[in-house]
Each structure stands twice: as C-alpha cells, then as structure tokens.
Amino acid sequence: MTQKPHQCENLEADVNRLLRLVEKEPSLKGQHDIAAIKACRNKAIAPRFEIVFAGTYSAGKSMLINALLGQDLLYSSTGHATGIECYIEYAKSSEEERVDLTFLSTSEVQEEVNDRCKTLKLQSVDITQEGAIKKLREQCEKITQEHKGSGKTEKEGEADGLLALLEGFEDNREYIDSSNNKTYGMEELNLSNKKAHDYACRGKNSAVLKGIKYYCHYPLLEDGNVLVDLPGIDAPVRRDAELTYRKVEDTNTSAVICVMKADQEGEAMQAEQKLTEAIRENSGIGDRVFYVFNRIDKTWRDPKLKQELDDLISEDFSNTRRGIYETSALLGFWASQLKNISESDDRWGLDTIFEAETSKGSDKVEGTPSFVLEFLDYCDSDKLPANKFTDIVRRKTQTKNEQYLEIINRYKTSIIEQLIQDSGIQEFSNAITRYLTEEKRPELFANLANDISELCNDLYQSYSEERRQWKKKPANIAEMTERDLLQLEKEVWEVGEAFYRQIEEQIQLLVRDTCEDFKQDFNNLHQKMQDNLTDLIENFSILDAFANTCRNHHHVTAPLVAVLGQAFYDIANGLENVLLKESEILIARFFQRLIKRVRKQQYYRQLRNLLGDDCEIVQELQNIEKIIIEGVKVLASAECVFYIVESPDLYDYEDSVWLYQFRETLQEASKSRDVKRMVEAEAPIRQLLEIDFQAKFKQTIEVDLGSKIIKMLNKYLLSMAENKRQSIWQQSAHARDNKRQTIEKEAQVKIDERNRKLKEIELKIAEYNQAVAGINSCLEAMRLDDCKLPTIPEDNSSLTSIFIDTNSVDSNNIPPQSASSFDSENDSSATQSYSETNPVQSDDSPEPGASANQLARPNYQAAQSESSKKLERGELVEGRVTKVTPDVVVVDLDGTVGLLHIKNVSEGFVKSLPDLFEEGQLIKVMIVTLEDDKGRISLSTKVLENYKGEILENREQVMADAKGRVPTARKKLPKP
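In the working numbering, the protein residues as written are -18 to 957.
Below is the structure:
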C-alpha cells in the first residue's frame, strides 16, 4: 500500500484546532455535531478498511488470503473450522506480531452440539453433565466406524465435526466461559506466535474458537487494511453462514471479495448463486464487490470447462462494477514461497516447505506434494508452450518429484515468475490496492471535509463579521468622542420617544379596555357605589325625611310629595360623597402605577444618567394627577346633580300593583293630619327610590363616567407626553455638555479595547487559516480540490471609523444615529378613546438639539443626486430599501435617498421596523417633504392607509392599491 501523503501528517492537529476555535465561540457552541466530526477525523487519520472474503468453504478463501500476503497464515478444513471469524490486521514490526484467540461460550457450544445431533438424528446431551460427553462421543465413533472404507460421507463428516467439538470443549474448558466469549493473547496461553498459529489450526481447538485475530507485519495490511476470512456461506451451522451475510451487507465493510470456484463445470453452486443474488438486490453493496473465480488452473487443461466458465462470466457478470478476476491461489501462494528457495538449499522446497508431504512412509517411497502435482499439470497445460515440458511431464521413468526438479532446475526462477503471473494473484492484489488508495481512502478525506465545511463556513462568517464590526469603530480619540456624542444625541431623542410611546400604550390599554388594574379599580368603585345605594335605601326613614323637610322650610308639617323630594336629595348627596371619594382613589391608583412603571423603564434610568435628573417627568405626572382628580370630582358632582331629578323609568309602571297600592296609601295619608299615617307609605317609597336610582346609577357607571375619565386622561396625558418629549429633545446640548468629559475619558479605553479585539480576531483568523491551509494541502494531495475549505482573506480596507461629517453623508451608508433627523412631520399622536373621542392633535414635533425658539433635530445633511430635483411633494414613487434601523427605513429612489421615519409608517402603533421591512425590498411611498437646502427627502406610507393600522395588517394590499389611493393620500399631507 502507498503511504499517506506527507501533507496529511498534521491533519489531526489541524482539525483539532478548528474544533477548539468553534468551542471558544459562544454563538457557535453547540451548533455542530462535534462527536461526529471527531469520528470522521479518526477514520481519515487511522482508517480501517475491512476487506471481507465470502464464498463456500471449499472455494479457497483462506488460500487466496495466504497468496495475497505471501505467507502460510490461514488453515482451512471441513467441519467447524469454517465457522471461525478471522481478522488479519497490521503490526508495525515483526516483533509486534501476535495472535488473539476468542473462544465460544459453553452455551454456544451446547447450541452447536444440539444442531449437529439433530442433523445426525442423535439424542442431544447436556455437555456440562458428567459422563454425557463420553456417551455422545461413543455414538459418533460408531457412525465413523460404520462408514469406514467406503469414502467419507457427509454424515461421517458431521460426526467427525461433532467429535472435534466435544474434544475441543474438554481440552479447552479452562478458557471457555459459561455465557461470555473470552479472548486470550498468545502470552496468556503460553504460546509463541508460531505455536499459537498451530494451536488454532488443530481441528479440536478450532472447533471451539469463535474468532482469531492475527497482527502481522505485511505490506498489504498497511494504512488500516484488515483482511476478514469468514465462515463459508454453505457452513453446516446456519448462524455461521448468516454471520457472513451480515458482514457482506455491513456499511462499514470497505470491500467484499466474492470467491467462487472456477471448476464447477461452469456453473456456480447453489450457495454461490444465493450470495450473488443477495449482492445484486442490495444496491449499496455492488459498488464494493470484487468477483474472484479461484482454482482457475482447473480450466487450463479442460477447454470445455474453460468455455463454460467464459459463458457464465459473459452472461451473469458482464456488468460488474469492479470487474472479474481469475486466480489460482494454491499455485500463486507456493510459487511466492519458492522465489527465495534454491536447489542447493532443499531441493526447491521438497526438504523444507513440503517436508510434511514428502516424508517417506512404511514403503520407503517419498510422497508427492499437492503443489508438485498442480505444478506439473500447469506445465502440461496450454498456458505454456507444449514442446518445452510435455516430454518431461509425461515421462514414465521419473517420479513426479524428479520431473518437478528437472523443470525447476532447467528454468529456475523464470518458470516461477511466470507461474506467479499466470496465477492472477498480483493482478488482483493491484486492483484491491488501487481501489483502496484511489477511491476509499480519498473518500474518507472527502467525508471529513464535508463534515467540517459547515463549521468552517460559520467560523468564516463569524470572524469576518466580528472583524468588520471592530474595524469600523473609530480609531482615534477625536473620532471616538464625536461618534459617542452623536450617539448620545440619538439616545436623548430615543428617550423622549420611549416616554411618549409608553404613555401612548397606556392610553391604548384604557381605550381597548385591556388595562386589568384600571378595570379592577373601576369595578371596585362600581361595587362601593352599589353597596352605598343599597344602604341608603334600606336605611331610608319617612319620619327622618319629614323632620328634615319641616326643618328646611320652617314649618311644623309638610306634604308627602315634599317628603318624597327630600328623600331624593338625601340619597343623591350620599351617592355623591362616595363617588367623589372612590373616583379620587381610582385616579390616584392609576397614577401611582404609571409613575412606578415609568421609573422602572430603561429609558428613565438612561435619562437620569444623561441629564442628571428625570427632566421633571414624575413631577409633571403628579401635577397631571392633581388636575385629573379635580376634573373627575367635577364630573362626579355633575353626574350626581341629575340624581335629584326622577328618571323616566319611574313613570313606566302605571299598570303595576305596587304603584296602585302606593297611590292608595298616599290618598289615605292625605286624609289625616297625623304624620304617623305617612309611615305606612315607607315600603312603597323605598321600592320607588330603588327603581329610580338604579336606572340613573347604571347610566353613570356603565356609560358616562368611565368614558369621560378616559377622555380626560387621553387629553391631558398625551398632551403632557408630547410636551415632555419636546422638552427632552431640547436637552441634547445639555446632555452633550454633561457627558463630554466622561466620554472623552472613556474614548481611549474604547480605542484600546478596539485594538485589542482586532488583535484577538486577527490571531483567531490566522489560526483558522493555518488549520484550513493544512487541511486543504492534504485534500490537494488526495486530488480533492473540489472539497477544499474557505480561507479568510486579509482585510485591506481603509475603514477605521464611522465618524460622519455632518456636511457630507454617503447616501448608501447613512448611520443609524442619524435616524432622528429623518422626519419632518409627526404623527397625530393622540389615541382615540372611544369612537366619538377626538384625538389630541400636535404640531410638527420638534427635534432634539434645537434651541427653545426654533426646535430642530441635529443637522444631518446628505448629499443627494441631481435627480432629487425632479421629484415633487405628494408624488408616489417606488424605491428599494437599502437599510433598516429601529427608527428609520432608508430607501433608494433611483440614486436619491429618501427616509421613511417610523412615525410616518402607519397611524397604528409600530412596534418594530425590522419586522416590517428588510433590505432589498421594493416599496411604494409618497414624498412628504423636499428640503433642497438640507438635502432631505421625507417619505410616508401612513398617508396611503384607508384605516388606522392598515399597513401593519395588509401591507401587500396597500402597496398594490397605492396608485389609486394617491388623491386621498395627498389630502392628508400636512400643509407646507
């Protein structure tokens, strides 16, 4: 495998640097899946490419792996050996090579014993019970004896496999846990590397092994390549075959080597067909599958078999993504072993690597290794010229070993090199290497770049914006002082606006009947009046009324009608006393809450900080409170005056029984001069008074009084708020003088902070760029230019301040602090109390910083283009929004800048301009004022409304109908 490019050596450090940077940004913290990025980073830095070999147990998977490695590592056999998971991973040196063995648990061994007994139709036993294994072993040995000498049958193979499993369980019981898979290193088993390999290859040991991990120092395993040999897809134990299928379908599998036998008469076995069908049905697998037809040497001497195989490949495998490879693992492996062997050493391996097969038996005849037989067949095939080897291979006077030695000695390494080439092992190895190095490895880096690209974009935006914000701040004391003074003037203006808006909002709550505290207090007044009326009527005495009447008129007697009139006076006076008291409480509590809320506002604290006092806001509110209280008393007294006069309801009951009885009583009382006879009329009179006063009381509480109080609050409070707003604006110069010294002292501190912050952000940008440059260098080396990450360019702009010359304002960069100069017309600022209430009108609102004689806002002048002279007052124009501040919308009118102030947006209350408008938006506006000497163009959408707040509720409709609304809108324009 090729080494990782040197440009990627610092990849881990570069990615970690970006992760640290994003963790330090409060606005970005928690916005990215850091764990996922780290996992992706780890894959790129220390990749793990699992190359899974899948096929039938006799397809030669293990030998193919041995041939790729050039080492005799794996051993395969029938029986349970095919159920072992074998992982071959990289060791950095030969000294670090090792083997780890993982054993089956007792429960897994028991499960396999049950499965094999079922196949053999034997009674299963509990392998943990004493004597049970011996009994089962005897049954298996009986089966093998019955089939001895007749060729090994499938049943005998199953019996041998069960015997190996039982023996392995008994021999390795100390390593086998009851329910868990225990793993042991070769040191724990007191085995060397070679002995551990031999230990695993023994049938009885391999039968109880679940997995083997080899750590080997082979070049093919570098860069995280892991060869995985799994159970055969036709393994006798179903769960072993299912394990292979799961691994083939696993998304973490980098490559699948589908190993098939080439000598199956040109037809894939049923198990192989099932595997290829599963691969084709899963679209996510096919791209990483390599098809290998092993044992291809069987077709070299059989033209019919060769043709059938070619037909099969052409028909079923012509569209494979990774191509088809034909190999002879056995010839390729042993040929690789012979490269460093000579005749003088050991007769070309016969005395060393093939010693086990050449050992002389009882007949003193040397055995013939399987490789020698395959080699001679190769020499007699059409892969080599027939005239070179046929006479030797077919010679009857020599043994197979002698023929082998004659050919090798004659052609030496040339025939070995040719054999390695014809085995197809090197071609297949090169294909795997190219796939991993040119596709899978770059894919990991591309995935990493994709995972961190959003993080980099966020850091890019955050750092660029932070740098821009700090760089545009003033860089010297004079500019910083002037900027802060301008900002201070805007703050003064905003304080006045905030106070006015709070009063306006409070009135709106009253108008909409949504001020819960006021409603509760008014309900309390209502209840007190009701309770008082009830008490007055219940305590009414005809004798007391008679006495009062006589006293008032200096007589000893009085007519019953006069006594009745006295009752009206007494109850009316009683109600008036309560109404006056409770009305005063109502107003006092309202102002108490209002003053408390005002004092809690940020603008109030800001006002005291700017001016040193509250500009007498609280005093003015207290003065208004006294005025309102006196006014409400007048209202209350006026209401109670009409209580003396009976209501029309009194005469709507001519047919009622009580009125008839009342007249009868009055008539009897008038016949006698005895006052006590009047007492008999007391009950009907009480009923009469209740009917009369309830009607008048209801009119007062539910209709007249509340409406009149709110009208009064509306009138006085909004008028006071407007006057106070103007008064605050007039204090701009005072605020400048008051805060100048402090601002000048703070200027240097702010400049130092600006420079410090700029230095910090430049250091962060430098660290970011360094990390990104390192990652991009790695991506370039991997030929992934399209995945490169953005670096932050140097900022060579000369922008160091936002100090604005008051005689020259760039029309495309109007500062937010100039918002206070953008309106030359004020809204009608009073709020409707009820439908019949007229709003309190105000003249043009003065601007902060003006003299007492001529109020005007700060002189922010903008140099407008010549095109402004072509515009006219009252003209409807369309423009594009270029800037939105909390108080003003800047509109580009084809090269001329117009200003839409918040008060000119709608008759309704506008909470936030940024919620209504955005940069780049097209809007239609009417020109309100053109001040050529000052370069101002004031705009309005308010005049386009058909009803209050329409622009807030249905802006699109207002814009669409704007042209048809022009005549009406022009009538709403203030007089020039």
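Glycine included, every Cβ here is placed at the ideal spot set by N, Cα and C. Bear in mind the structure is a predicted one, so any value in this text is a computation, not a measurement.
Is DSSP giving residue i helix, strand or coil here?
i           : result
residue 216 : coil
residue 822 : In this prediction, residue 822 scores a pLDDT of 36, lower than 50, which makes its location untrustworthy; the coordinate-derived value is nonetheless stated afterwards. DSSP places residue 822 in coil when its eight states are reduced to three.
residue 730 : helix
residue 560 : helix
residue 739 : helix
residue 34  : strand
residue 154 : helix
residue 71  : strand
residue 718 : helix
residue 4   : helix
residue 14  : coil
residue 873 : strand
residue 535 : coil
residue 860 : strand
residue 907 : strand
residue 425 : helix
residue 191 : strand
Give me the residue from the options with the minimum Cα distance to residue i.
i           : options            : result
residue 428 : 768, -3, 906       : 768
residue 751 : -2, -10, 715       : -2
residue 318 : 210, 421, 867, 401 : 401
residue 18  : 418, 425, 503      : 425
residue 910 : -13, 932, 955, 938 : 955
residue 227 : 200, 366, 34, 165  : 34
residue 188 : 194, 180, 195      : 180
residue 200 : 580, 881, 70, 701  : 70
residue 888 : 922, 24, 912       : 922
residue 772 : 443, 147, 198      : 443
residue 72  : 562, 203, 675, 220 : 203
residue 704 : 673, 602, 621      : 602
residue 369 : 697, 388, 108      : 388
residue 7   : 564, 439, 194, 310 : 439
residue 885 : 902, 930, 864, 901 : 930
residue 505 : 103, 566, 95       : 566
residue 681 : 711, 557, 595      : 557
residue 16  : 25, 407, 410, 0    : 0
residue 866 : 877, 883, 876      : 883
residue 432 : 152, 612, 491, 14  : 14
Leaving out five residues on either side along the sequence, give the residues of the same chain with a beta carbon under 6 angstroms from the beta carbon of residue i.
i           : result
residue 205 : 28, 29, 30
residue 294 : 305
residue 599 : 576
residue -4  : 22
residue 744 : none
Skipping 5 residues on each side, what residues in its chain have a beta carbon closer than 8 angstroms to that of residue i?
i           : result
residue 339 : 331, 332, 347, 348, 349, 350, 382
residue 157 : 84, 85, 86, 87, 90, 150, 163, 189
residue 572 : 602, 603, 605, 606, 609
residue 491 : 499, 691, 694, 695, 814
Just to check my reading of the structure: residue i and residue j have Cβ atoms closer than 8 angstroms, yes? What is that Cβ distance to the nearest angstrom?
i           : j           : result
residue 879 : residue 855 : Their Cβ separation, rounded to whole angstroms, is 14 angstroms, which puts residue 879 and residue 855 out of contact at 8 angstroms.
residue 610 : residue 552 : No, residue 610 and residue 552 are not in contact; Cβ-Cβ is about 25 angstroms, not under 8 angstroms.
residue 277 : residue 308 : 6 angstroms
residue 97  : residue 127 : Not confirmed; about 17 angstroms, so no contact.
residue 933 : residue 891 : 7 angstroms
residue 451 : residue 739 : 5 angstroms
If you drop the 5 nearest sequence neighbours on each side, which residues of the same chain put their C-beta closer than 7 angstroms to that of residue i?
i           : result
residue 689 : 616
residue 729 : 458
residue 968 : The chain is shown from -18 up to 957; residue 968 falls before or after that span and cannot be answered.
residue 461 : 455, 728, 731, 732
residue 421 : 30, 235
Counting only beta-carbon atoms, is residue i nearer than 8 angstroms to chain C?
i          : result
residue 52 : Included in the structure is just one protein chain, with no chain C present.
- request: Scan the stretch 220 to 258 and note each continuous beta strand (DSSP E) run of 3 residues or more that stays entirely inside, going in chain order.
  value: 234 to 242
message: Going residue by residue through the stretch 260 to 329, where are the continuous alpha helix (DSSP H) segments of at least 4 residues, counting only ones entirely within it?
response: 284 to 297, 310 to 319, 324 to 327
Runs of alpha helix (DSSP H) lying entirely within the stretch 543 to 599, each at least 4 residues, in chain order: 583 to 592, all fully within the stretch 543 to 599.
message: For a minimum of 3 consecutive residues, which ranges assigned as the beta strand (DSSP E) are wholly contained in the stretch 913 to 949?
response: 917 to 921
message: Just to confirm the assignment: which complete beta strand (DSSP E) runs, minimum length 3, are found wholly within the stretch 79 to 107?
response: 79 to 84
query: Which runs of the alpha helix (DSSP H), 4 residues or longer, sit entirely within the stretch 449 to 516?
result: 458 to 492
4-residue-minimum alpha helix (DSSP H) runs that sit fully inside the stretch 366 to 391, ordered along the chain: 367 to 374
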